[in-house]
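Here the structure comes first, spelled out in structure tokens, and everything after it is commentary.
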Amino acid sequence: MSKLLIVEDDDALREQLEIGLRTHGFEVVSVATGTDAIPAFEKNKPDLILLDLMLPGKNGIEICTEIRKTSGVPIIILTARTEDQDMIRGLEAGADDYVTKPYPIEVLVSRIKARLRPLVRVVEHPIVKIGPVELDTLSHEVRKGEKKIALTPLEFKLLLTLASHPNEVYTREMLLEQVWEYTYKADTRLVNVHIQRLRSKIEEDQEDPKLVLTVRGWGYKAGPE
Amino acid sequence: MVFSRTFKAARDLFRSTLQIRALVYTVALSGTALIILGGVLSVSIGNGLFSTRTDRALVESQRAKFTVSRLFAGMSPYNTWALDQTIQNVVPELESIGVSQTRLVAFIHSNIQTNPHKLSSPTSAGFDLSLVTDEFRTKVRENPDLTSQTIQIRRGGDSVPAILIGQPIVLPGGNHYELYLVYDMINEQQTLGFVQRTLVLGGMVTLMIIGFFSFLVTSWLVKPVQEAAETSELIASGDLDRRLPVKGTDVAAVLATSFNHMADSLQENIQDLKNLSTMQQRFVSDVSHELRTPLTTMRLSADILHAKRDDFGNDERRSIEIMHSQMNRFDKLLADLLEISRYDAASVQPEFEEQDLNGVVGTALASIQQFADSKGVYLDAAVPSGSVRCEMDVIRIGRVINNLLTNAIEHSEGRPVKIRVGQNKDAVAVSVTDNGIGMNDSEIAQVFNRFWRADPSRKRTTGGTGLGLAISYEDATLHNGLLEVTAKPGVGACFRLTLPKVHGVTEFESPLPLTVDQA
Numbered sequence: 051m052s053k054l055l056i057v058e059d060d061d062a063l064r065e066q067l068e069i070g071l072r073t074h075g076f077e078v079v080s081v082a083t084g085t086d087a088i089p090a091f092e093k094n095k096p097d098l099i100l101l102d103l104m105l106p107g108k109n110g111i112e113i114c115t116e117i118r119k120t121s122g123v124p125i126i127i128l129t130a131r132t133e134d135q136d137m138i139r140g141l142e143a144g145a146d147d148y149v150t151k152p153y154p155i156e157v158l159v160s161r162i163k164a165r166l167r168p169l170v171r172v173v174e175h176p177i178v179k180i181g182p183v184e185l186d187t188l189s190h191e192v193r194k195g196e197k198k199i200a201l202t203p204l205e206f207k208l209l210l211t212l213a214s215h216p217n218e219v220y221t222r223e224m225l226l227e228q229v230w231e232y233t234y235k236a237d238t239r240l241v242n243v244h245i246q247r248l249r250s251k252i253e254e255d256q257e258d259p260k261l262v263l264t265v266r267g268w269g270y271k272a273g274p275e
Numbered sequence: 370m371v372f373s374r375t376f377k378a379a380r381d382l383f384r385s386t387l388q389i390r391a392l393v394y395t396v397a398l399s400g401t402a403l404i405i406l407g408g409v410l411s412v413s414i415g416n417g418l419f420s421t422r423t424d425r426a427l428v429e430s431q432r433a434k435f436t437v438s439r440l441f442a443g444m445s446p447y448n449t450w451a452l453d454q455t456i457q458n459v460v461p462e463l464e465s466i467g468v469s470q471t472r473l474v475a476f477i478h479s480n481i482q483t484n485p486h487k488l489s490s491p492t493s494a495g496f497d498l499s500l501v502t503d504e505f506r507t508k509v510r511e512n513p514d515l516t517s518q519t520i521q522i523r524r525g526g527d528s529v530p531a532i533l534i535g536q537p538i539v540l541p542g543g544n545h546y547e548l549y550l551v552y553d554m555i556n557e558q559q560t561l562g563f564v565q566r567t568l569v570l571g572g573m574v575t576l577m578i579i580g581f582f583s584f585l586v587t588s589w590l591v592k593p594v595q596e597a598a599e600t601s602e603l604i605a606s607g608d609l610d611r612r613l614p615v616k617g618t619d620v621a622a623v624l625a626t627s628f629n630h631m632a633d634s635l636q637e638n639i640q641d642l643k644n645l646s647t648m649q650q651r652f653v654s655d656v657s658h659e660l661r662t663p664l665t666t667m668r669l670s671a672d673i674l675h676a677k678r679d680d681f682g683n684d685e686r687r688s689i690e691i692m693h694s695q696m697n698r699f700d701k702l703l704a705d706l707l708e709i710s711r712y713d714a715a716s717v718q719p720e721f722e723e724q725d726l727n728g729v730v731g732t733a734l735a736s737i738q739q740f741a742d743s744k745g746v747y748l749d750a751a752v753p754s755g756s757v758r759c760e761m762d763v764i765r766i767g768r769v770i771n772n773l774l775t776n777a778i779e780h781s782e783g784r785p786v787k788i789r790v791g792q793n794k795d796a797v798a799v800s801v802t803d804n805g806i807g808m809n810d811s812e813i814a815q816v817f818n819r820f821w822r823a824d825p826s827r828k829r830t831t832g833g834t835g836l837g838l839a840i841s842y843e844d845a846t847l848h849n850g851l852l853e854v855t856a857k858p859g860v861g862a863c864f865r866l867t868l869p870k871v872h873g874v875t876e877f878e879s880p881l882p883l884t885v886d887q888a
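If you read the sequences in order, they're chains A and B. Positions in the first sequence are counted from 1; adding 50 to them yields the numbering used here. Positions in the second sequence are counted from 1; adding 369 to them yields the numbering used here.
As structure tokens, then:
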């Protein structure tokens, strides 16, 4: 049973979320303030965090940044603010996905499940290479030469998807479907932000990417050409 | 060509610059005054000079007559030889008397034919006798006093004015002679020339001084006007804090003061309106956001109940279903309100990307098919082969098309809905036509208004928010595109969305017609 940590300051919503998610078979821990979020995360070691952005004490973006320093645990932002800047800032701080209020429980559950689904293990050819970067699909380790690179599971999946078919162009919609498992239209900036984060970790020069290339008007592909 | 362009530029400058115009007028008017003054001066000085000269010439001629009389006094009329000698002396004698400049003398026998003693008719060297016309000679013969005439003589290649004075003289023995004296006016001419040159030069200098001073004066006068013009231009372009400096108490200061006053009240009004509209936008946005958290909670509660609705009795189950569907409707309304408030606050950040309109229309058709089927409406779609590429925000354009399709299906009264896609070199378009109830002109005028419904008494089947077309219109405008409508009551309605292929292009024609015909 997967354990979720809910960080939400609205009491009624938090309680209702707990009930709803419990009925869908999750183990749920919840806190009401930003200040309690990190201790609760360290104590409970949840499999996934549902994070409100507007929180007393410490806001969601700060919490996100702090958790990402030590952990790649999936984070889904719950936001009433559909204002793009907030969502983008949350994603840039390391959140994997977002859900905009008001959301039906099914949507939330499917987002959670998508993030918790384990990666398919390819036992025959466990190592996937892209330029100097090696992805080990068994240990989920990423190396660039001798250096180990820490990718979140989502970033790993994104890079693996691109690297499995080098030089094949993936549109943002395809990536949303294959990496995020969206079956309906979602904001393609989700992809843009994560590509940027991924590049900042694996590219020599972010401004002049050699491994994850932009194909103007279409999407992205794995290099090198 | 170049000249005419230069001329045109000069004319435009002349028309556009108040100062240059004032300057040109001042210089032209004072120039005219100076020319008139110079002319009058020159003429009167000339007249004075010439009349002085003429008077002196007349006096000298009078004196010449006495000289001649003295020469011939007491001479015998019969000593023809002595007489002729004296006649010969007349010319050198007269050439040397008097103070005036060179003069020419002619002493001519009145009648050459009846000159029995063959007396000579001497003239000064260089006296062109053709200057003395027969007409003038007749006048001289008939007038015992002096007769004068102004003539032009040649002097060193130049034509010089001169006075010709003639008088009859009777010599002893009854010989009738005519004495002609020519006084040139070369000195007077030179003096006049000098005076005229001085006048012209002085006039030009005066004109330049006038031009310079009027430039100073006009720039001093025009400056406040120019400042006012520049400042109002700046205010018009949005720099509302601009004001004119107020100096002194003259009319320019009054202009500046009232201008500033006007700018103050304008700025106040604009600021008030801005604040009001910002407050309103903020309010709508805040309300929408604040509603979201309780709505989410209620929605989650409703979802849980909805999932378990079969465990309840009939009435409870139906209530749960109604609550669930109304939560969805509330949800949509809130989303649309937020979207509109985002447009009002100009905080929309579209993502333009080249996309195939055929694909977007296809996706919209697929998603609406179920609704069309439920209404029994056939979707008659025809798209051009190949791709119809255009720079667009695909989510927004998809939403517009979806909206147009939903509206058309709702109002088509079960008749087929026609969907067309077209493109030309500048633009792409999609049109959605239904043969339903249509609209009259006043309805067409309001169709993009917020919360406006074609017929308030009509049943709201889809639970549309009333903001759909208003948002679609904003979406089209965001793309520099056009969302247009035509309709006839009882015939149907046609909505056409036209988008420029390249974002930012504003000159284009729609590749599709905007018409609605009887099915």
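The beta-carbon is built from N, C-alpha and C at its ideal position, and this holds for glycine as well. If you're wondering where the values come from, they're calculated on a predicted model, not measured in any experiment.
Reduced DSSP secondary structure (H/G/I, E/B, other) of residue i
| i | result |
| --- | --- |
| isoleucine 806 (chain B) | coil |
| phenylalanine 721 (chain B) | coil |
| alanine 475 (chain B) | strand |
| threonine 567 (chain B) | helix |
| glycine 122 (chain A) | coil |
| threonine 150 (chain A) | strand |
| arginine 523 (chain B) | strand |
| aspartate 497 (chain B) | coil |
| tyrosine 232 (chain A) | coil |
| arginine 789 (chain B) | strand |
| tyrosine 220 (chain A) | strand |
When the options are compared against residue i, the one with the closest alpha-carbon
| i | options | result |
| --- | --- | --- |
| serine 634 (chain B) | B:Thr507, B:Tyr546, B:Asp610 and B:Asp762 | B:Asp610 |
| leucine 868 (chain B) | B:Gln724, B:Asn697 and B:Gly783 | B:Gln724 |
| glutamate 876 (chain B) | B:Asn849, B:Pro882 and B:Gly861 | B:Asn849 |
| tyrosine 447 (chain B) | B:Ser411, B:Lys487 and B:Leu533 | B:Lys487 |
| aspartate 672 (chain B) | A:Thr73, A:Val178, A:Asp59 and A:Phe91 | A:Thr73 |
| isoleucine 245 (chain A) | A:Ala236, A:Ala272 and A:Ala90 | A:Ala272 |
| valine 241 (chain A) | A:Asp147, A:His190, A:Thr233 and A:Cys114 | A:Asp147 |
| isoleucine 456 (chain B) | B:Ser493, B:Tyr747, B:Val746 and B:Gly682 | B:Ser493 |
| valine 816 (chain B) | B:Glu557, B:Cys863 and B:Gly783 | B:Cys863 |
| lysine 592 (chain B) | B:Lys616, B:Asp453 and B:Ile813 | B:Lys616 |
Listed by chain order, chain B residues near residue i by CB distance under 7 Å
| i | result |
| --- | --- |
| proline 154 (chain A) | Arg668 and Asp672 |
| leucine 67 (chain A) | Leu669 |
| glycine 195 (chain A) | Those do not exist, as glycine 195 (chain A) stays about 36 Å from chain B at its closest Cβ, beyond 7 Å. |
| threonine 73 (chain A) | Ile673 |
| alanine 130 (chain A) | His658, Arg661 and Thr662 |
Distance between residue j and residue i (C-alpha atoms, nearest Å)
| i | j | result |
| --- | --- | --- |
| isoleucine 689 (chain B) | lysine 677 (chain B) | 9 Å |
| glutamine 388 (chain B) | valine 769 (chain B) | 56 Å |
| valine 501 (chain B) | threonine 560 (chain B) | 27 Å |
| proline 154 (chain A) | leucine 734 (chain B) | 25 Å |
| leucine 418 (chain B) | leucine 590 (chain B) | 46 Å |
| proline 168 (chain A) | glycine 807 (chain B) | 55 Å |
| valine 529 (chain B) | glutamate 596 (chain B) | 60 Å |
| glutamate 77 (chain A) | proline 880 (chain B) | 58 Å |
| glycine 837 (chain B) | aspartate 844 (chain B) | 10 Å |
| alanine 397 (chain B) | leucine 852 (chain B) | 59 Å |
| glutamate 720 (chain B) | lysine 744 (chain B) | 34 Å |
| valine 428 (chain B) | alanine 391 (chain B) | 55 Å |
| arginine 234 (chain A) | proline 216 (chain A) | Reading off the sequence, residue 234 (chain A) comes out as tyrosine, not arginine. Spanning the two alpha carbons is a distance of roughly 26 Å. |
Run of the alpha helix (DSSP H) containing residue i, from where it starts to where it stops
| i | result |
| --- | --- |
| leucine 188 (chain A) | Segment: none, leucine 188 (chain A) is in no alpha helix (DSSP H) and carries neither H nor E. |
| alanine 862 (chain B) | That residue, alanine 862 (chain B), is in no alpha helix (DSSP H); its beta strand (DSSP E) goes 861–869. |
| alanine 735 (chain B) | 726–744 |
| asparagine 772 (chain B) | 763–780 |
| glutamate 547 (chain B) | Premise fails: glutamate 547 (chain B) lies in the beta strand (DSSP E), 544–553, not in any alpha helix (DSSP H). |
| alanine 391 (chain B) | 387–441 |
| tyrosine 712 (chain B) | 683–713 |
| glycine 84 (chain A) | 84–94 |
Segment limits, beta strand (DSSP E) that includes residue i
| i | result |
| --- | --- |
| glutamate 77 (chain A) | 77–81 |
Heavy atom of the ligand GDP within 7 Å of residue i beta-carbon
| i | result |
| --- | --- |
| valine 860 (chain B) | Looking for the ligand GDP in the displayed structure turns up nothing, as the structure carries no ligands at all. |
Interface partners of residue i on chain A, CB under 7 Å
| i | result |
| --- | --- |
| threonine 665 (chain B) | Leu63, Lys151, Pro152 and Tyr153 |
Within chain B, the residues that residue i reaches when beta carbons sit closer than 8 Å
| i | result |
| --- | --- |
| glycine 267 (chain A) | Glu722 and Glu723 |
Residues that residue i contacts on chain E, provided the C-beta gap is smaller than 8 Å
| i | result |
| --- | --- |
| aspartate 700 (chain B) | The chain labelled as chain E is not found among the protein chains of the depicted structure, namely A and B. |
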